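Residue numbers (the numbering used here), protein chains in the order written: chain A, 1 to 295; chain B, 1001 to 1183.
So, in structure tokens, the structure goes:
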């Protein structure tokens, strides 16, 4: 094997902020790599997993070939398999797990919604959204076992519906959803991720003269606090999502192209800022959204 | 006219409890508009949310907001009342109205049959005076501006603007003799 085509990925798959370091080496992957070495990865959560999937999708789109994954640590391989990561056919690997090493899909382990593709056509997408919501309702007592409060299932139904609709309405691409509850140390985390590699928020507002902004992060902030829309007079979706995350004292993270905005409602104290943003990040196609509840 | 959303769902071969997506909202609006041809002027359209757990903001935008707008500008104006709304439905409608009002500096509210989280019979943001008027009319069924003014310790003249505003929002009824009624 030509070692120059292998990129050793650092162990930065723990949350959206860590994953920025992977995005920083994205251009090397897209232009020079054929193979990604995952041997250093000790943990991977849904946002990083879906972002890696988007990277594979971009690679396939740009290079007409699939990225190869090697040296996948067994627990990571088991997890990726359990989440149907390989089912999308965006990566190749020679490393196979035997049947007895695969995670069983028992009712107990159903604290996840496996990676599901959201098509970019309205009719197909609506069918998929309804299926995801039906599955979420079925598994919600497991997924939300640490955070079961009044109306929380209904809040997540709303959030899933709104964010998935944004994919086919605005991104001009298909996207992915995954959801999981997991523990890190003493913290129990519920994370919902809905991401695409489409045109991004800024481009979708390109022809909307009524909305002014001075950076991508500024536009994202406006989209989550005001009912602006690139397609119609008003758009309530992201405002609704933000309000729900606020009611749940959660964390909303939205990354689009070269910027992100995050709202840390779980750390809110009187008078403190909850919204943080960053511009001029490494460019990554599309819009990635993560909603996190921790307890 | 009573419109049971669960029955419309069944007609469209959609299973409740979730009424979601813009496309579904549009389809409901078209069906309801078709049924509304049988309504007469100033009739109340009672939207029954029995068995509905969630409506998302896209559905609210395509159905409820469109109906509220239509109730004011239709050649045959009408009133709207919501029935059997779950807490999540109420919260989502309230959040949409809140976004709309804060962005447009324009009020949006709708009457409900049951009591809401704001301890009143409407969803939306009304000021105290408007809220008191709605309460008074709900209990007393009919009143003149003078009668409401006496109850609130203010003159009919001072109340005039609030009453007209509520009437233009289709939240109260008015007779040609300037009697006011609840929806």
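Quick reminder that beta carbons are idealized off the backbone N, C-alpha and C, glycines included.
Quick caveat, the model's predicted, so the values are computed rather than measured.
Spell out whether any CB of chain A is found under 7 angstroms from the CB atom of residue 1054 of chain B.
yes
Answer with yes or no whether the minimum CB distance from residue 1084 of chain B to chain A is below 7 angstroms.
no
When you compare the CB positions of residue 68 of chain A and residue 92 of chain A, do they come within less than 7 angstroms of one another, or not?
yes
Can you pull the chain B residues whose beta carbon is under 8 angstroms from the beta carbon of residue 158 of chain A, in chain order?
1020, 1054, 1056, 1057, 1088, 1092
Would you say residue 1048 of chain B faces chain A, with C-beta separation under 7 angstroms as the test?
no
Strictly under 7 angstroms for the Cβ-Cβ distance: is residue 1110 of chain B near chain A by that measure?
no
Taking 8 angstroms as the threshold, find out whether the stretch 1066-1080 of chain B comes into contact with the stretch 1033-1048 of chain B through three or more Cβ pairs.
yes
Please look up how many angstroms separate the CB atoms of residue 1223 of chain B and residue 1159 of chain B, rounded, as I've assumed it's under 8 angstroms.
The requested residue 1223 of chain B does not occur in the structure, where chain B is confined to residues 1001 to 1183.
Rounded to whole angstroms, what's the CA-CA distance from residue 1050 of chain B to residue 1019 of chain B? Just pull it up for me.
12 angstroms
Under 7 angstroms, do residue 250 of chain A and residue 281 of chain A count as touching if we go by C-beta distance?
no
From the DSSP output, which residues share a beta bridge with residue 277 of chain A?
A:261
Spatial neighbours of residue 1092 of chain B within its chain, please: CB distance less than 8 angstroms, with the 5 preceding and 5 following residues excluded, ordered by chain position.
1054, 1055, 1056, 1057, 1060
Against chain B, which members of the stretch 222-234 of chain A pass a CB distance test of less than 7 angstroms?
226, 227, 234
In whole angstroms, give me the CA-to-CA distance for residue 1 of chain A and residue 116 of chain A.
Confidence is the limiting factor: at residue 1 of chain A the pLDDT is only 48, short of 50, which leaves the residue's position unreliable, though a coordinate-based value still follows. So the two alpha carbons sit approximately 33 angstroms from each other.
So for residue 1031 of chain B, helix, strand or coil by DSSP?
helix
Spatially closest choice to residue 229 of chain A from A:243, A:201, A:241, by CA coordinates:
A:201
Determine the contact status of residue 175 of chain A and residue 196 of chain A, defining contact as a CB-CB distance below 7 angstroms.
yes
Going residue by residue through the stretch 35-63 of chain A, where are the continuous beta strand (DSSP E) segments of at least 3 residues, counting only ones entirely within it?
35-37
Apply the 10 Å Cβ neighbour rule to residue 269 of chain A and answer buried if 16 or more other Cβ atoms are within range, or exposed otherwise.
exposed
In whole angstroms, give me the CA-to-CA distance for residue 1138 of chain B and residue 1028 of chain B.
29 angstroms
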